[in-house]
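Visitor: Can you read through this structure? Questions will come right after.
2 protein chains.
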Amino acid sequence: MNIGEAARASGVSAKMIRHYEAIGLIEEAGRTGAGYRTYGSRDLNTLSFIRRSRDLGFSITQIRDLLALWQDRARASAEVKRIAEQHIDELQAKMRQLQEMVMTLEHLSAHCHGDARPDCPILERLASGENGHGRDAHS
Amino acid sequence: MNIGEAARASGVSAKMIRHYEAIGLIEEAGRTGAGYRTYGSRDLNTLSFIRRSRDLGFSITQIRDLLALWQDRARASAEVKRIAEQHIDELQAKMRQLQEMVMTLEHLSAHCHGDARPDCPILERLASGENGHGRDAHS
DNA sequence: CTTGACCTTGACATCATGGGAAGGTGCACG
DNA sequence: CGTGCACCTTCCCATGATGTCAAGGTCAAG
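Those sequence lines, one after another, are chains Z and V.
Taking the numbering used here, the leading residue of the first sequence gets 1, the next gets one more, and so forth.
Taking the numbering used here, the leading residue of the second sequence gets 1, the next gets one more, and so forth.
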């Protein structure tokens, strides 16, 4: 099948399929006489694997490792688990950062009357750097 | 003062100060005869405002709006509050996405024995697309 | 005058993705 | 056979926020 169909079937855009090929994440696709890329069911499986990995927030680098492990029948699951757990830690760290921001903002927002008057604790906090809830927003 | 000192005082790197000037987020700085940018206390306040906004995760576009409101003495605090609340919503949406990913990954990871054996539910899930905890990772 | 710290601009990298232009291909319909 | 449309190709540029590096100018102290 052509790249467009492969894109529809896998959920990875044609643009990204070409990109993944260019950066060596996937093998070079076969070509028709006219130069069109062709994909088979194995390629589709790989593309779907990549898309699911992306949906779980894995980076290209991590996906590269996961793909290698996937294709290595003798892999140790410990390595896969290690990658996943490291990724979980990264995601949770991000969540904590966002949570800090949200808490600060919610506090500020709650104290802003939000009407036509110009005085506003949100701007005051941004201007002065004083804390709105007793902690700095970034560690 | 020169850009390096302004960077140290405001917590915004010299690189970013130039960048913010280039994209029109801040006014063009004054220059010495030799072409060095010069900054005063007003500029420092602006830079610090920007850095605090970035620390709270506001985008450049949002900061542009916040700066305009900050410099408008007749602003209505409602507008500031609106921007802040919209930003809170965005942050929370991101957190929810991350949380979905984490839950899926934790479930998969818990069922992966993580030893030298090759069978691994994490890879199986990535390969097959079957759900590991009853919900899809992406809406 | 030299040295080192600082400044200047500019180009390129990251990360994952999208947009668009310019031109070739494949197929179906008339 | 011809025309048109959908599809493919490559290449360049953009995003957002930041960093790195390079080549060169400037300033102040020794």
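Yeah, the Cβ is synthetic: ideal placement off N, Cα and C, and Gly gets one too.
Rounded to whole angstroms, what is the Cα-Cα separation between residue 125 of chain V and residue 18 of chain Z?
Guide: Within the second sequence, residue 125 of chain V is the residue found at index 125, counting from 1. Within the first sequence, residue 18 of chain Z is the residue found at index 18, counting from 1. Cα to Cα, residue 125 of chain V sits roughly 25 angstroms from residue 18 of chain Z.
Visitor: Would residue 85 of chain V pass as an interface residue toward chain Z - the criterion being a Cβ-Cβ separation below 8 angstroms?
Guide: Reading the second sequence from its first residue, position 85 is the one you call residue 85 of chain V. Closer than 8 angstroms to some Cβ of chain Z, the Cβ of residue 85 of chain V qualifies, so yes.
Visitor: Decide if residue 135 of chain Z is buried, meaning its Cβ has at least 16 other Cβ atoms within 10 Å, or exposed.
Guide: Position 135 of the first sequence, counted from the start, is the residue given in the question as residue 135 of chain Z. Note that residue 135 of chain Z has pLDDT 42, beneath the 50 cutoff, so the model's placement of it is unreliable and no number is given.
Visitor: Below 8 angstroms on C-beta distance, what does residue 119 of chain Z contact in chain V?
Guide: Position 119 of the first sequence holds residue 119 of chain Z. Those within 8 angstroms of residue 119 of chain Z in chain V are 77.
Visitor: Residues of chain V with a CB under 8 angstroms from the CB of residue 115 of chain Z: which are they?
Guide: Numbered from its first residue, the first sequence carries residue 115 of chain Z at position 115. The contacting residues are 76, 77 and 78.
Visitor: Mind checking which residues open and close the alpha helix (DSSP H) that includes residue 113 of chain Z?
Guide: Here residue 113 of chain Z refers to the residue found at position 113 of the first sequence. Note, residue 113 of chain Z: premise wrong, no alpha helix (DSSP H); not H, not E.
Visitor: Taking DSSP as the reference, what is the three-state secondary structure of residue 75 of chain V?
Guide: As a working mapping, residue 75 of chain V is identified with position 75 in the second sequence. Here residue 75 of chain V sits in coil by DSSP.
Visitor: Within a Cβ cutoff of 6 angstroms, which residues of the same chain sit near residue 30 of chain V, ignoring the five residues on either side of it in sequence?
Guide: In the second sequence, residue 30 of chain V corresponds to position 30, counting from 1. Closer than 6 angstroms at Cβ, skipping near neighbours: 38.
Visitor: Quick check on residue 137 of chain Z - is its C-beta less than 8 angstroms from some C-beta in chain V?
Guide: For the purposes of this step, residue 137 of chain Z is identified with residue 137 of the first sequence, where counting begins at 1. Low local confidence applies: a pLDDT of 38 at residue 137 of chain Z is under 50, so the model's placement there is unreliable, with the coordinate-based value given in what follows. Yes, because at least one Cβ of chain V sits closer than 8 angstroms to the Cβ of residue 137 of chain Z.
Visitor: Got a sec, what are the start and stop residues for the alpha helix (DSSP H) residue 21 of chain V sits in?
Guide: As a working note, residue 21 of chain V is residue 21 in the second sequence. Run containing residue 21 of chain V: 14-22, per the alpha helix (DSSP H) assignment.
Visitor: Take residue 26 of chain Z as the anchor and find which of Z/109, Z/34 and Z/12 has the nearest alpha-carbon.
Guide: If you number the first sequence from 1, residue 26 of chain Z lands on position 26. Selected option, being the one with the closest Cα: Z/12.
Visitor: Whole angstroms is fine: what's the gap from residue 90 of chain Z's alpha carbon to residue 35 of chain V's?
Guide: By 1-based counting over the first sequence, the position of residue 90 of chain Z is 90. By 1-based counting over the second sequence, the position of residue 35 of chain V is 35. Answer to the nearest angstrom: the Cα atoms are 43 angstroms apart.
Visitor: If you draw a straight line from the alpha carbon of residue 71 of chain V to that of residue 106 of chain Z, how long is it in whole angstroms?
Guide: If you number the second sequence from 1, residue 71 of chain V lands on position 71. If you number the first sequence from 1, residue 106 of chain Z lands on position 106. Whole-angstrom Cα-Cα distance: 23 angstroms.
Visitor: Report the three-state DSSP secondary structure of residue 104 of chain V (helix, strand or coil).
Guide: Walking along the second sequence from the start, residue 104 of chain V turns up at place 104. Three-state result, residue 104 of chain V: helix.
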